[in-house]
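FYI, the numbering for the sequence shown is 13 to 446, going by this note's numbering.
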Amino acid sequence: MAGAIAFNPEKFQTVFSDNHAAVQNMVEAMQAIGDPREAGPIEVMKAVDVYIRDLFSAVEQGKKILWHEFLFFPEIFHGFPNVHTWMTETLCGFLPVLDPEGLTPYIDAAENAGLPADVCPADKGMLGCVLEEIMPPVAIACAPTSPCDSAITAYQILGKLIEAPVFQADMPYWQDERGIELYQHHIWKMIRTIEEVCKTRMDWDKCREHIKLANESVELFIEENEMRKLSPCPHPGKLGFYQFLLLTIASGTPYARDVCKAILEDSKKLASQGKGAVAEEKIRLLMYNPDPFYDVGIHDWLEDEYGAVTALTFFGHATMGLIDPTTPETIVRDYAWKMMNICMARQYRGPQEFFMDDFIHAMENWNVDAVIVPALIQCKHGQATHGFIREACKERGKPLCLVEFDPMDPRPASIETIHNTVAEFLETQVLPYK
């Protein structure tokens with residue numbers, strides 16, 4: 013029944029104030045620890061602090077709030093005057109980081125409302141947040157039909173729950189010119205819909221400036237990817253997770269660009285000193301599928317216990333391109349192409365070759381000794397790749413560990429369970445042969 017759930021200012025203020033304080037406390041705690049590996053994550057969490065402050069200001073000023081799915085980076089939306097962006101799955105991404113069970117009440121709320129248990133926790137969590145009336149106000153929600161059927165269905169359900177319209181852009185299956193033309197058409201349609209719903213007009217000059225900032229962030233992210241090919245790897249395994257989440261919420265902003273710049277500068281400084289994430293790099297890993305959000309610290313544990321650095325993660329793999337800011341037409345064309353090629357959209361929307369080509373490229377170019385693939389229990393398309401992954405690893409002589417867990421809910425597989433599985437793998441399949 014459309015329009016059943018409206019903005020609840022009191023619940024929003026309470027929950028977001030609490031989580032804003034949790035973000036600030038996390039930054040203070042990481043700073044107090046003084047571990048140099050925390051330098052990048054600290055900068056990202058400081059940016060999250062800014063992001064939440066900006067949201068509070070936008071709500072107070074009565075701006076139109078545009079919700080966008082995490083596979084629509086926000087730079088293009090910044091071109092709309094008096095419109096503020098909110099990445100719809102923000103709480104799903106950061107609540108488990110702040111508290112391993114932080115998202116579980118909202119997952120339960122969605123399941124209690126009738127969503128099957130095998131729906132992606134990002135989608136259950138998002139809908140649970142809506143059902144619990146803790147989300148910011150919304151004028152329109154925009155999403156691609158990506159990365160999976162779960163996400164597509166979630167936004168169809170969202171359209172039945174909230175008073176605002178939900179626009180879904182049809183992302184193409186194939187990576188070809190016809191697909192780009194199709195997606196451009198939907199992006200243009202989305203722009204016109206936002207203008208109509210929010211009573212505004214795209215300011216292309218303003219949009220162009222945000223596109224340039226987004227381009228700078230991408231260039232810095234790609235260069236950081238290249239730095240991770242070095243041995244020792246300058247930065248810790250968890251950093252790619254944080255950097256990708258930053259771009260999903262703040263791509264196209266000066267502060268996101270500045271964080272990416274600080275990360276790369278730190279990487280170059282460490283490399284020039286011959287320093288890595290650990291004093292002695294014994295193992296280089298590839299972790300190709302989303303990290304456990306409630307246990308991003310698994311990378312710290314790997315580094316501390318085994319001298320094992322995750323040279324590249326799935327979220328940390330910069331597969332997107334740049335946007336030509338010259339004209340509205342080039343912006344829309346290249347934004348469409350970029351969104352087809354960011355993490356998850358690129359690998360999950362088409363045939364298995366899309367995933368496998370990137371997986372093999374990562375395995376062959378980041379000098380890895382072994383591979384860990386998070387086997388997310390809800391991801392049917394991900395489960396379907398496992399046979400191909402095993403064959404690719406076998407052909408290249410790379411030990412493989414498939415770890416089953418729910419990425420945002422620790423109840424199906426605890427932190428201890430994940431660590432025990434990985435420890436057994438390293439101690440029996442990797443370390444004896446080093």
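Ideal Cβ placement from N, Cα and C applies to all residues, glycine included. Source: prediction; values computed, not measured.
Within the stretch 377-433, the complete alpha helix (DSSP H) runs of at least 4 residues fall at 392-395 and 398-407.
The bridge partners DSSP lists for Q364 come to none.
Every unbroken stretch of the beta strand (DSSP E) spanning 3 or more residues and falling wholly within the stretch 62-95 is given here in chain order: 76-80.
In this structure the stretch 392-405 does not lie against the stretch 282-297, because fewer than three pairs of beta carbons, one per stretch, are closer than 8 Å. Around the Cβ of T157, a 10 Å sphere holds 16 or more other Cβ atoms; the residue is buried. Here the alpha carbons of D336 and G126 stand approximately 44 Å from one another. DSSP places P108 in the uninterrupted alpha helix (DSSP H) bounded by T102 to L110. When G91, C160 and P117 are compared, the shortest CA-CA separation from L83 is found for C160.
For M351, the three-state secondary structure derived from DSSP is helix. By DSSP's assignment, T97 forms a beta bridge with L78.
If you ignore the 5 residues before and after Y118, its C-beta comes within less than 7 Å of the C-beta of G137, G140, C141 and E144, all in its own chain and listed in chain order. With contacts defined as CB atoms closer than 8 Å, P419 and P244 fail to qualify as a contacting pair. Using a Cβ distance threshold of 8 Å, N227 and R296 do not count as a contacting pair. Annotation: the continuous beta strand (DSSP E) that includes A153 extends over I152 to P156.
Annotation: the continuous alpha helix (DSSP H) that includes I206 extends over E189 to C210.
Per DSSP, Q441 lies in no alpha helix (DSSP H) and is assigned neither H nor E.
Annotation: I169 to T100 spans about 14 Å, alpha carbon to alpha carbon. Around the beta-carbon of P128, fewer than 16 other beta-carbon atoms lie within 10 Å, marking it exposed.
Here W79 is buried: its Cβ has 16 or more other Cβ atoms, across all protein chains shown, within 10 Å. Taking F28 as the centre and dropping the five residues before and after it, the same chain places the C-beta of I64, L67, F68, I146 and P148 closer than 8 Å to its C-beta, in chain order. In the displayed model, F19 falls within coil according to three-state DSSP, outside both helix and strand. Per DSSP, reduced to three states, the secondary structure at T26 is helical. Taken through DSSP and simplified to helix, strand or coil, L298 comes out as strand. Under the three-state reduction of DSSP output, A176 falls in the coil class, being neither helix nor strand.
Membership of A320 in the beta strand (DSSP E) is indicated by the continuous run A320 to T325. Annotated three-state conformation of A330 is coil, per DSSP. A distance below 7 Å between beta-carbons, with the five flanking residues on each side excluded, links I203 to the following residues of its chain, in chain order: M214. A straight line joining the alpha-carbon of W349 with that of L103 spans about 27 Å. Taken through DSSP and simplified to helix, strand or coil, A181 comes out as strand.
In this structure, the beta-carbon distance from A163 to D135 falls below 8 Å. If you compare the alpha carbons of Y360, A153 and G249 with that of I174, the shortest gap goes to A153. Closest in C-alpha terms to V415, from the list R190, N432 and Q255, comes N432.
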